[in-house]
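Data first, discussion second: the structure below is written as C-alpha cells.
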Amino acid sequence: MRLILLGPPGAGKGTQAQRLVEKHGLVQLSTGDMLRHAAAAGTKVGNEAKTLMDAGSLVPDEVVIDIISERLDEADVRAGFVLDGFPRTLKQADALEGLLAQKGLPLDGVILLAVDDEALVDRVAGRYTCARCGEIYHQTKKRPKQEGVCDVCGSTEFKRRDDDNAETMRTRLTAFYKDTAPLVGYYYAKGRLRTVDGMASREDVAAAIEEAMGELKG
Ligand code: AMP
C-alpha cells in the first residue's frame, strides 16, 4: 500500500510507521530522518536544514520536495511505502500528487493521528531512541525493560533529538497548525482520509490503522 501518516509532531507517526515496515514490508519515507542524516553527514543541504530544524521551523518546500522526488525513484519504494512527515504544506501535497502520478505510484490513502496538544508536549519532551536500532522510548511511559539496555538490539547507547524539548515543540506545533493542518481538508475532499485516535495505546492505534487500511484498500 501507499500511505501518508498525518499528524502533529509527537502524534506517533514514526512509531506506527516503523510497525508498518515490520508488519507489511512497507518502506518508511521520513523527510525528518533524511534531513537528520544529511545534517549528520554535514552536507550543504543538511547544514542549512539543521538550523531550521533545531528552531522547530519547516525547511523550504523545494528542499524536501527534491529529497522525496529522488527517494521515490529508488526501486524499494515499489513494494509500497508510508510517508511520515511529508507532505507538511499544501505546496508539498500538490507536488507529491504530481510526482506520484508521474511515477505511476498513486496513493491509497491518508491516515490522520488525532491527538491532544497538551499531552504532545509531554510526549515529545520525554522521548529518546536507541542510538543503534532507532527503537523509540519515553522517560516515564516506555523505559527499556532492563534499565539502560535496548529491548530490541541490546545496545546501551541512547540518543535524544536536538528538537525534542518543550520550547521547540511549541514552535513545531504552531507550524503544524499553520501549514500542515490544511492538508486534513485537502485529503478529506479527495475522500481518502481516515482518522484514528492517536492518544490510545500503541497497540490500539496500530489496530485502528489496520482497520483504516482495510477500508482504504476496499
Ligand atoms: P520530523 O522528524 O518529521 O518531526 O521532522 C523534524 C524537522 O525536520 C521538522 O521540524 C522540520 O524542521 C523538518 N522537516 C521534516 N519534514 C519536513 C517537511 N516535509 N517540510 C518541511 N520541513 C520538514
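The sequence shown begins at 761 in our numbering and counts up by one.
We treat Cβ as the ideally placed atom computed from N, Cα and C, and that holds for glycine.
Legend entry - Option in 896, 961, 901 and 859 with minimal Cα separation from residue 910: If you number the sequence shown from 1, residue 910 lands on position 150. Of 896, 961, 901 and 859, the smallest CA-CA separation from residue 910 is found for 896.
Inset, instruction - State yes or no: is the C-beta of residue 762 within less than 8 Å of the C-beta of residue 854? - result: Against the sequence shown, residue 762 aligns to sequence position 2. Against the sequence shown, residue 854 aligns to sequence position 94. No.
Inset, instruction - Check whether the Cβ atoms of residue 870 and residue 764 sit closer than 8 Å, and answer yes or no. - result: Working through the sequence shown from its first residue, we reach residue 870 at position 110. Working through the sequence shown from its first residue, we reach residue 764 at position 4. Against a cut-off of 8 Å, the Cβ pair of residue 764 and residue 870 comes out as a contact.
Inset, instruction - May I have a chain-ordered list of the beta strand (DSSP E) segments no shorter than 3 residues that lie completely inside the segment 896–948? - result: 896–898
Inset, instruction - Please say whether residue 793 and residue 849 have beta carbons closer to each other than 8 Å? - result: Within the sequence shown, numbered from 1, the residue matching residue 849 stands at position 89. Within the sequence shown, numbered from 1, the residue matching residue 793 stands at position 33. Taking a C-beta distance under 8 Å as the contact criterion, residue 849 and residue 793 do not qualify as a contact pair.
Inset, instruction - Output the distance between the C-alpha atoms of residue 958 and residue 808, rounded to the nearest integer angstrom. - result: The sequence position of residue 958 within the sequence shown is 198, counting from 1. The sequence position of residue 808 within the sequence shown is 48, counting from 1. Each residue's alpha carbon lies about 32 Å from the other.
Inset, instruction - Indicate the three-state DSSP secondary structure (helix, strand or coil) for residue 870 in the structure shown. - result: Counting from 1 along the sequence shown, the entry for residue 870 is found at position 110. Of the three classes helix, strand and coil, the one that applies to residue 870 here is strand, per DSSP.
Legend entry - Bridge-paired residues (DSSP) for residue 890: Stepping through the sequence shown from its first residue, residue 890 is reached at position 130. Paired residue(s): 918.
Legend entry - Close Cβ partners of residue 908 (< 7 Å) along its chain, the five nearest in sequence each way excluded: Mapped onto the sequence shown, residue 908 falls at position 148. Only 916 meet the Cβ criterion.
Inset, instruction - Would you check if the segment 798–807 and the segment 763–781 touch, i.e. whether three or more CB-CB distances between them fall below 8 Å? - result: no
Legend entry - Whole-number beta carbon distance between residue 825 and residue 852, since they are thought to touch under 8 Å: By 1-based counting over the sequence shown, the position of residue 852 is 92. By 1-based counting over the sequence shown, the position of residue 825 is 65. That belief holds up - the Cβ atoms of residue 852 and residue 825 are roughly 6 Å apart, short of 8 Å.
Inset, instruction - Could you have a look at residue 865 and say whether DSSP puts it in helix, strand or coil? - result: On the sequence shown, position 105 is the one that residue 865 refers to. Here residue 865 sits in coil by DSSP.
Inset, instruction - Let me know the secondary structure DSSP gives residue 832 once reduced to three states. - result: On the sequence shown, position 72 is the one that residue 832 refers to. Three-state result, residue 832: coil.
Inset, instruction - Answer yes or no: the CB of residue 1024 versus the heavy atoms of the ligand AMP, is any distance below 7 Å? - result: The requested residue 1024 does not occur in the structure, where the chain is confined to residues 761 to 978.
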